[in-house]
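Reading the sequence shown from the start, the letters are residues 93 to 354 in our numbering. Working notes for the structure below.
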Amino acid sequence: MRTSSWRAAAAASLTLVLSACSGSDSSPPLTDLTPLTSPATVATTAAPPSTDAVTTTADATTSTLDPTATTVLPTLGLSPDGPWKLVDSAPGVEGVGLVYELMPKLWVFLPTEVDLERGYLWTFNEQDRPVIEAYLLAILTRYRSTDSVPATLDDEGWTLYYTADAADELRVLYAERSDRGEYTDLDLGVVLRPVVIEDDRSATYTVVTDCRLDGAVLRNADGSLALGATPGITESGFVAGMVLQASQWKIDGFNITPAGCA
């Protein structure tokens, strides 16, 4: 699921360009992933990169994916006061790990055991928890802000979990989408599968890749499919640059790229 080859592919993707969404709903990319300077944080540990890439795409006619992930006892986990709840499984995910529901039809799977067969080389750990939680809160903000017409782009999460430039750029794009009468329907569900990339980790900057099982779709206000939208579940790769500002990790740049699944 994550290989050493991600780095070259992601490096090219960090000069981000706006791309059209023609299938399942996706977040529009930003333009920069520039690290900032802030006080040091604790270094992290991770398993070595793999060389196996996942390229499987789910059948677009599938109405749901079999929930097969196994939840381990939460000796390690997300903060108990967060807007998530520990559940038994997530659609389409296999392996041992923690599964949380962030909102209806939006889950995250955090592997807790290395699984070479499935490509789980990174495992959730306490050092990476603040980065992962900030990433999840940022993505939760995005989905709950854009699931209606008009979009609700005054959510405080845009200030808390995105840098000012990133939030401004994304909100402009989502406002334009809302003005066209389009919204995000989570439809068949979305499973986030974030990984913290240790190669580019510093005290104030890191990269998160996310090979999502993406069953969201873009719809018009009347419920019909938006132009170019196709229902179904696909593997969608995302790369986010994250910076530490005033002791809070925030998304500073975001792109849709196959490197997220490399």
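C-beta: ideal position from N, C-alpha, C; glycine also. No experiment lies behind these values; they were computed from the predicted model shown.
State the beta-bridge partners of leucine 202 as determined by DSSP. Here residue 202 corresponds to residue number 110 of the sequence shown, with the count starting at 1. Leucine 202 is bridged to Leu190.
Let's see if you can read the secondary structure: which residues bound the alpha helix (DSSP H) around aspartate 257? As a working note, residue 257 is residue 165 in the sequence shown. Run containing aspartate 257: 256-271, per the alpha helix (DSSP H) assignment.
What span of residues does the alpha helix (DSSP H) with serine 237 cover, start to end? Residue 237 sits at position 145 when you count from the first residue of the sequence shown. From DSSP, the alpha helix (DSSP H) with serine 237 extends over 221-237.
If you reduce the DSSP assignment to three classes, tell me which class alanine 308 lands in. Here residue 308 refers to the residue found at position 216 of the sequence shown. Three-state DSSP puts alanine 308 in coil, outside helix and strand.
Do leucine 228 and valine 191 have their beta-carbon atoms positioned less than 8 Å apart in this structure? Counted from its first residue, the sequence shown places residue 191 at position 99. Counted from its first residue, the sequence shown places residue 228 at position 136. No, these two residues do not count as a Cβ contact at 8 Å.
Could you check if valine 282 is buried or exposed, using at least 16 other CB atoms within 10 Å of its CB as the buried criterion? Residue mapping note: residue 282 aligns to position 190 of the sequence shown, counting from 1. The residue in question, valine 282, is buried, as its Cβ has 16 or more Cβ neighbours within 10 Å.
Assign threonine 276 to one of three DSSP states: helix, strand, or coil. Translated into positions along the sequence shown, residue 276 becomes position 184. Strand.
Just to confirm the assignment: which complete beta strand (DSSP E) runs, minimum length 3, are found wholly within the segment 283-307? 286-289 and 297-306
Kindly give me the distance between the Cβ atoms of threonine 233 and aspartate 246, rounded to whole angstroms, as I take these residues to be in contact under 8 Å. By one-based count along the sequence shown, residue 233 stands at place 141. By one-based count along the sequence shown, residue 246 stands at place 154. That belief does not hold up - the Cβ atoms of threonine 233 and aspartate 246 are roughly 11 Å apart, past 8 Å.
Could you give the residue range of the beta strand (DSSP E) that holds threonine 326? Position 234 of the sequence shown, counted from the first residue, corresponds to residue 326. From DSSP, the beta strand (DSSP E) with threonine 326 extends over 326-337.
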